[in-house]
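Here's the structure, in structure tokens; my notes come after.
In full-length UniProt numbering, the protein residues as written are 1 to 1056.
In structure tokens, the structure reads:
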């Protein structure tokens, strides 16, 4: 145990040299060592030789000087001792060095010193007596203490001839002399003090400017107190006078330690101005390399940069069993460094490798840890921590680097450890410790502290070794908050070398702020499980018991648990095991149930013992089921009930066992069912590419006749798989003969189905005929109908009989859409003979053509073509087309061809009819006249949509006035066609249809004069009769009556 901040006071300074001590098994401290502890530079014996002759005046000023100078001395047995010898004609010891041990005591004693008086000043005699007596061991002089003499006098000595001998005695005894000349006596008598000053300088040690003082009088002695003290005392923290470089004064020995086979390696983080260093305290002596020994990696010009070498120390064993010492310097160039070096007995250092940090301020190298993972004595890994490494969000997440030994006595980077992935201050890697083997797999494990995690509550991580590497993913994370809510900085230190409870298992000691936490290891067990059934298979034909009022097959499952401990030492403990058993865990419906719970799952608790086998019987039963081919699965799961003291299950050890119980199949002695399925099928439609089958509106279904037979042994879980083209929809399945035969179909996808056949068993020599019905799709139109049928089972079928298990069917088809075209037209038109010549063209009339899609699918790219008679012989036009317009739909484009020249070129077989020949031929059609052509393109006609095309025309009346006829029929024609003739056929809609307009010749009817006169007279009589009737009814008298009443009222008002 070490206290690196243990300090010793030297004057006003406190030097943290550090101290360590061994600790016994009962935690009692043993012998302490402080290898860098030094005696203070204030370890002095001081004797003041004071002139007490009559010439010293006033005496109280001398007393004040003594009190002031003595109060600056740090008097104790470990630092300064002071004695005073007063002389005149004789010399007397006022007190010896050993008399007073505190500053307060000597100050009080100085106040009580009386002047000795005397007429002579025997300075040489007093100096000789002080050297020989005052500094003698009898009077308290200490070996090794610096000897200092302070001579205070105001005149020349009367025994000056003896001074050389006295001073030589002081030199022989290594006594440093300060001399103070008080000139008050000379000044008061106005005498020259030159000879006196020369003598005092002779008394003082060389050089004079350091050891000689002179003052004008006794009162001025107090003016040199500070100067005298500064010259006597070594400056704080220095090795010598006016030196400012620290060597071992702040070494802080024990800041880091590493136990070796032959001693202890100490880190001295504060040595050499906090550049740091190392020290080995071994059985063969102490080895303290100088600062210059590390100069190759720590240049002397960087001596004021405080690298903190020795912040952590360790060692590794490399090839040929050579030991390399490891030391971290986390502040070297602000990024940190780790060195691996050899150390000889005489302090020579050979640096084998240096590893450098990558981030400023990360404190790389503040913790190092060597891991002998496979425990063969050679270090496999070196881990270096940078606990202040900044992660995401500029948080001190920390990082631990992994270096692998290459076999060439160097370590190479090999990744980093992974901790909890969240942005937080963690200082992951603040503590590292190699654990001998926590999980008892024969490999060394690792414990890492992160004291700032969880808002400074802290946590530790456990990593498992594997081979010669360590798994970078942590196996266990123990947060401090899970142990006590008051813990802070849990994980700031970790120890993995203890077994405090004596169970031969490693315990973890984890440091926290103000407390230490002991975590006990738990033993590790392996549980071997065996599962057996009686009887070995399920016979559903011969029922053996009755459960729930139903005949059932009963079985017993026996589960046996054998517990083996992997931990060292005697581990004959018992613990509770939670067991869960499940039947048919992946089936939706239950085929088997446990007897005790009548459910598919049961749970129980067992007490098991290490080194023993415990068995438990689990009875269950199987009901009559349709699924006899798939075995019933039996799953067993177990776990150890969580307790604080019980064992834990070995990592990766299986906690589940699963077995299957087969059904009795009745398939011969080999219990292997060999079947031969034969499949036959045909469709009720046939069509080739040259003559496709036409799908008309009344027929929407496709029927497939199927026969399936089994010629050999039972076929279990027989299924028929259907794959069909997208222009079909599965509709139904109907069995032709045996109504008790069961078949069910389920959809596998948009265009596939699976049908089970006599589930679960299609028995030997069975045959089934059934029909599959399909509907044609209204959304997907294809030129072919395709279908593939495949029969299969879970039973075995020989390779040579598999050819007849599949059938492929195909037929080419065309679609005849359900289109309806109708027309509405003016049926009869009469030409008036009495119209003026300006009325040569009659009024506009309309012909409406209505196109409807009555089918279930849309039709694209239709063409409606009209031919309307317009021009007779001699280019006489009798009809003009004025407009073509479409209703109810977009994407309908109509074009008109009415140019006579182009019409003649296109209609070359026309024999036009002359107007004079219309008495013999009363028909004007496209073979007897030139016809205007109208073409309407319909891009798409959706299901249920109708399109109306209106054709507007006008009759040329002047043509028919000149012609000789009674009535003429003008016959136009129209038809519907489709462009995609490979998919669509219109059938009868492609035939030309007629639209007829009959033109009649009108007759002039004369009107008689008597009819006109009679009409006028009749109208006048009718008007007279109406007026008479209104008069009789009083229609014309109401207004007059109202006026009369209005006249009477004002008169009445005047009378009043």
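Every residue gets a Cβ at the ideal spot worked out from N, C-alpha and C, and that includes glycine.
Simplified DSSP state of residue i, which is helix, strand or coil
i: residue 248; result: coil
i: residue 1056; result: Because residue 1056 carries a pLDDT of 37, less than 50, the predicted location of this residue cannot be relied on, and the following value inherits that uncertainty. Here residue 1056 sits in coil by DSSP.
i: residue 1063; result: The shown model of the chain, from 1 to 1056, leaves out residue 1063, and the question about it has no answer.
i: residue 70; result: helix
i: residue 482; result: helix
i: residue 972; result: strand
i: residue 863; result: strand
i: residue 1059; result: Because the chain spans 1 through 1056 in this model, residue 1059 falls outside it and cannot be assessed.
i: residue 723; result: strand
i: residue 229; result: helix
i: residue 164; result: helix
i: residue 64; result: helix
i: residue 203; result: helix
i: residue 910; result: coil
i: residue 104; result: helix
i: residue 889; result: coil
i: residue 877; result: strand
i: residue 1059; result: The structure shown does not extend to residue 1059, since the chain is modelled only from 1 through 1056, so no value can be given for it.
i: residue 402; result: strand
Residue range of the alpha helix (DSSP H) that includes residue i
i: residue 1010; result: 1009–1032
i: residue 184; result: 184–188
Beta-carbon proximity list for residue i, same chain, < 8 Å, skipping 5 on both sides
i: residue 702; result: 683, 684, 685, 728, 773, 774, 775, 776 and 785
i: residue 176; result: 146, 147, 148, 149, 205 and 211
i: residue 948; result: 848, 849, 850, 851, 886, 887 and 888
i: residue 354; result: 297, 337, 338, 339 and 340
i: residue 315; result: 258, 260, 265, 323, 324, 325, 326 and 370
i: residue 964; result: 915, 916, 918 and 919
i: residue 117; result: 52, 53, 54 and 88
Euclidean distance between Cα positions of residue i and residue j
i: residue 448; j: residue 259; result: 20 Å
i: residue 293; j: residue 345; result: 13 Å
i: residue 20; j: residue 172; result: 39 Å
i: residue 242; j: residue 33; result: Legend: pLDDT at residue 242 = 34, less than 50; position of this residue unreliable, value from coordinates given subsequently. Approximately 30 Å, taken between the alpha carbons.
i: residue 4; j: residue 269; result: 9 Å
i: residue 55; j: residue 141; result: 31 Å
i: residue 467; j: residue 446; result: 14 Å
i: residue 124; j: residue 186; result: 20 Å
i: residue 630; j: residue 663; result: 8 Å
i: residue 365; j: residue 287; result: 23 Å
i: residue 432; j: residue 657; result: 39 Å
i: residue 163; j: residue 129; result: 12 Å
i: residue 418; j: residue 400; result: 8 Å
i: residue 596; j: residue 581; result: 12 Å
i: residue 1047; j: residue 1009; result: At residue 1047, the pLDDT of 44 sits below 50, so the modelled position is not reliable; the number obtained from the coordinates is stated separately. If you take the alpha carbons of residue 1047 and residue 1009, they lie about 55 Å apart.
i: residue 514; j: residue 654; result: 42 Å
i: residue 489; j: residue 506; result: 23 Å
Neighbourhood of residue i by C-beta, 7 Å cutoff - its chain only, sequence neighbours within 5 removed
i: residue 15; result: 7, 8, 237, 249 and 250
i: residue 1002; result: 830, 831, 832 and 833
i: residue 923; result: 969 and 971
i: residue 712; result: 674, 675, 676 and 764
i: residue 557; result: 531, 533, 618, 620 and 634
i: residue 826; result: 845 and 997
Beta-carbon contacts of residue i that lie in its chain and below 6 Å, excluding the five residues immediately before and after
i: residue 391; result: 397
i: residue 1059; result: What the structure shows of the chain is the stretch from 1 to 1056, and residue 1059 is not part of that stretch, so it cannot be assessed.
i: residue 866; result: 934 and 974
i: residue 1075; result: Outside the modelled stretch of the chain, which goes from 1 to 1056, sits residue 1075, for which no answer is possible.
heavy atom of the ligand HEM below 7 Å from residue i C-beta
i: residue 266; result: The ligand HEM is not among the ligands present in this structure, which contains no ligands whatsoever.
Run of the beta strand (DSSP E) containing residue i, from where it starts to where it stops
i: residue 561; result: 550–565
What are the complete beta strand (DSSP E) segments, minimum 3 residues, inside the stretch 318–399?
List check, beta strand (DSSP E) in window: 322–329, 337–343, 349–356, 367–371 and 381–386.
- request: Would you mind listing the beta strand (DSSP E) stretches within the stretch 591–661 that are 3+ residues and don't spill past its ends, in chain order?
  value: Scanning the stretch 591–661 from its first residue to its last, the whole beta strand (DSSP E) runs of 3-plus residues come out as 592–594, 601–609, 613–622 and 632–640.
Please specify which runs of the beta strand (DSSP E), each continuous and at least 3 residues long, are wholly inside the stretch 662–717, giving them in chain order. Correct list: 677–683, 693–695 and 701–710.
Item checked: Contiguous beta strand (DSSP E) assignments of at least 3 residues, all confined to the stretch 764–851 -> If we require 3 residues or more, the beta strand (DSSP E) runs fully inside the stretch 764–851 come out as 767–776, 784–792, 806–815, 819–824 and 828–831.
Q) Residue ranges of each beta strand (DSSP E) run of no fewer than 3 residues wholly in the stretch 4–48, ordered along the chain? A) The qualifying runs are 8–10, 13–15, 19–23 and 29–33.
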